Amino acid sequence: MNIQGKRVLVTGAEGFIGSHLTERLIELGAEVTAMVQYNSFNGWGWIDTFDESMKKEINVYTGDVREYDNVSKVVKGHDVVLHLAALIAIPYSYQSPMAYVRTNIEGTTNVLEACKEYGVEKIVHTSTSETYGTALYVPIDEKHPLQGQSPYSASKIGADKIAESYHRSFNLPVATIRPFNTYGPRQSARAVIPTIISQIISGKNQIKLGSLSPTRDFNYVKDTVEAFIKIAESDKTIGEVINSGSNDEISIGELVKLIIKITGKDVEIVCDEERIRPQKSEVNRLWADNTKIKQRTDWLPRYSLEEGLTETAKWIEKNMQYFKTDIYNV
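In the numbering used here, the protein residues as written are 1131 to 1460.
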């Protein structure tokens, strides 16, 4: 399948990855509907920052994936659905776990049910590397056991299994993408990379962070977006769970050193107890095996970590109004 000319719905289009994906789909010639969460301000998230010419190419629909009637209306008439709408902040999932069940599990079920009702040609459901928990072996392939180490990861495991069941039970053409640690422009300060960079750029001499020992497999947002599109276009991905990752790992401590090198600022790292996860909940190691996505598609990561961090730092420096560096963003 070629995405060009397809009627594509993106849920969660106002968010970090969703907004980049929406832009890329327009560039590729898709007819895009961007579903954004309803709010009384009629705000469209990051879509509000797009050029007017880009906005004119997008059909924006405000709604809520937790409401089936709402989801059914917007899914109707689309060929492809890319489902990204979710609650994603791990610390907040400790405070409000039921919100994650309602949005991530029930919301996903609503999307899948509507896709089944209207015969959607292809669905890509978004998972997360957090579903693997701390690596039991590395690199982590798609056969690795799933571990619910936070309410967030448990809710995403539930959503992933609902997607699997709709393929097995109803032959729904759904693929599940499991991205590892995406970063880049527009990511909020709840994530570690913008937290580090925004604190440095704000002129702080001390940077507050949680644990420095965990490792992550970081991926620039443009590479993750291309993975979504390649998985959507490939018939070989239907019914499959597919990692998208760089096949490399770096500790948070080493990441800080790299960012210090890129920004040219020397800072002291201070451990902030508020930012440390409960001991059994911390995911200590993530490292993606990306063999499957390379076998099923022609996707390859294009950005090195240093290149991606450089682009991210440039964007954050120009957009510091979005960052409250004196407040811990749960």
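C-beta atoms are modelled at their ideal positions from N, C-alpha and C, and glycine is treated no differently. Just so it is clear, the structure is predicted and the values come from calculations on it, not from any experiment.
Would you please state the rounded distance, in angstroms, between the beta carbons of residue i and residue j? I believe it to be under 8 Å.
| i | j | result |
| --- | --- | --- |
| Ser1376 | Asp1347 | 6 Å |
| Glu1272 | Ile1406 | Going by Cβ atoms, the distance from Glu1272 to Ile1406 rounds to 30 Å, so no, they are not a contact pair. |
| Ser1257 | Ile1220 | No, Ser1257 and Ile1220 are not in contact; Cβ-Cβ is about 15 Å, not under 8 Å. |
| Gly1142 | Ala1215 | 4 Å |
| Gln1317 | Phe1146 | 5 Å |
| Val1138 | His1213 | Actually they are not in contact, since the Cβ atoms of Val1138 and His1213 sit about 11 Å apart, beyond 8 Å. |
| Ile1177 | Val1190 | 6 Å |
| Tyr1282 | Ile1218 | 7 Å |
| Val1250 | Val1211 | 5 Å |
| Phe1358 | Val1254 | 6 Å |
| Glu1403 | Tyr1458 | Glu1403 to Tyr1458, Cβ: 11 Å. No contact. |
| Ser1374 | Pro1309 | 5 Å |
Could you please give the first and the last residue of the uninterrupted alpha helix (DSSP H) stretch that includes residue i?
| i | result |
| --- | --- |
| Gln1225 | 1220 to 1225 |
| Pro1324 | 1322 to 1331 |
| His1297 | 1281 to 1300 |
| Ile1361 | 1351 to 1363 |
| Thr1306 | Taken as a continuous stretch (DSSP letters only), Thr1306 belongs to no alpha helix (DSSP H), being part of the beta strand (DSSP E) at 1304 to 1309. |
| Val1386 | 1382 to 1393 |
| Leu1435 | 1435 to 1448 |
| Tyr1248 | 1237 to 1248 |
| Lys1184 | The question names Lys, yet the displayed sequence has Met at residue 1184. Taken as a continuous stretch (DSSP letters only), the alpha helix (DSSP H) holding Met1184 covers 1182 to 1185. |
| Gly1175 | Premise fails: Gly1175 is in no alpha helix (DSSP H) and is neither H nor E. |
| Glu1153 | 1146 to 1157 |
Using a Cβ-Cβ cut-off of 7 Å (strictly less than) and excluding sequence neighbours within five positions of residue i, which residues of its own chain qualify?
| i | result |
| --- | --- |
| Glu1247 | Ser1202 |
| Val1413 | Glu1260, Gly1263, Thr1264, Gln1279, Pro1344 |
| Leu1266 | His1274, Pro1275 |
| Val1195 | Thr1141, Val1201, Ala1215, Thr1233, Gly1237, Asn1240, Val1241 |
| Asp1353 | Pro1431, Arg1432, Tyr1433 |
| Ile1390 | Asp1396, Val1397 |
| Gly1175 | Glu1144, Gly1145, Ser1149, Val1166 |
Please name the residue or residues paired with residue i in a DSSP beta bridge.
| i | result |
| --- | --- |
| Met1165 | Thr1141, Tyr1191 |
| Leu1339 | Cys1401 |
| Asn1373 | Arg1308 |
| Ile1270 | Ala1418 |
| Arg1346 | Ile1380 |
| Glu1313 | First, the amino acid is wrong: residue 1313 is Tyr here, not Glu. Tyr1313 is bridged to Tyr1350. |
When the distance is taken between beta carbons, is residue j closer than 9 Å to residue i?
| i | j | result |
| --- | --- | --- |
| Gly1369 | Arg1298 | yes |
| Leu1092 | Thr1345 | With the chain covering 1131 to 1460 only, the question about residue 1092 has no answer from this structure. |
| Pro1315 | Val1268 | no |
| Val1322 | Cys1245 | no |
| Ala1319 | Thr1312 | no |
| Ile1380 | Leu1339 | no |
| His1336 | Glu1398 | With the sequence shown as reference, residue 1336 is identified as Gln, and His is not the correct amino acid for it. Yes, the pair counts as a contact, with Cβ atoms nearer than the cut-off. |
| Tyr1198 | Glu1144 | no |
| His1150 | Val1355 | yes |
| Ile1270 | Ile1361 | no |
| Thr1179 | Ala1164 | no |
Going by beta carbon distance, what residues of the same chain come within less than 8 Å of residue i, once the five residues before and after it are set aside?
| i | result |
| --- | --- |
| Asn1169 | Thr1192 |
| Ile1235 | Ser1285, Gly1288, Ala1289, Ile1292 |
| Leu1388 | Ile1380, Leu1435, Glu1436, Leu1439 |
| Pro1408 | Tyr1224 |
| Thr1455 | Ala1319, Ser1328, Gln1329, Ser1332, Lys1334 |
| Ile1156 | Val1162, Met1184, Glu1187, Ile1188 |
| Ile1392 | Glu1436, Leu1439, Thr1440, Ala1443 |
Give the range of the beta strand (DSSP E) segment to which residue i is assigned.
| i | result |
| --- | --- |
| Arg1196 | Note, Arg1196: premise wrong, no beta strand (DSSP E); not H, not E. |
| His1255 | 1252 to 1256 |
| Leu1212 | 1210 to 1213 |
Would you say residue i lies against chain D (beta-carbon separation less than 9 Å)?
| i | result |
| --- | --- |
| Phe1348 | Here chain D cannot be found, since the structure has a single protein chain. |
Spatial neighbours of residue i within its chain, please: CB distance less than 6 Å, with the 5 preceding and 5 following residues excluded, ordered by chain position.
| i | result |
| --- | --- |
| Met1131 | Glu1363 |
| Gln1088 | An answer regarding residue 1088 cannot be provided, because it is not within the stretch 1131 to 1460 covered by the chain. |
| Tyr1224 | none |
| Leu1342 | Ile1382, Gly1383 |
| Gln1277 | Gly1263 |
| Leu1302 | Lys1246, Tyr1296 |
| Lys1252 | Val1210, Pro1303, Ala1362 |
| Tyr1222 | Val1460 |
| Lys1136 | Ala1160, Asp1209, Val1210 |
| Val1231 | Ser1285 |
Should residue i be counted as a contact of the ligand COA given a C-beta to heavy atom distance under 8 Å?
| i | result |
| --- | --- |
| Ser1202 | Among the components of this structure there are no ligands whatsoever, and the ligand COA is therefore not found. |
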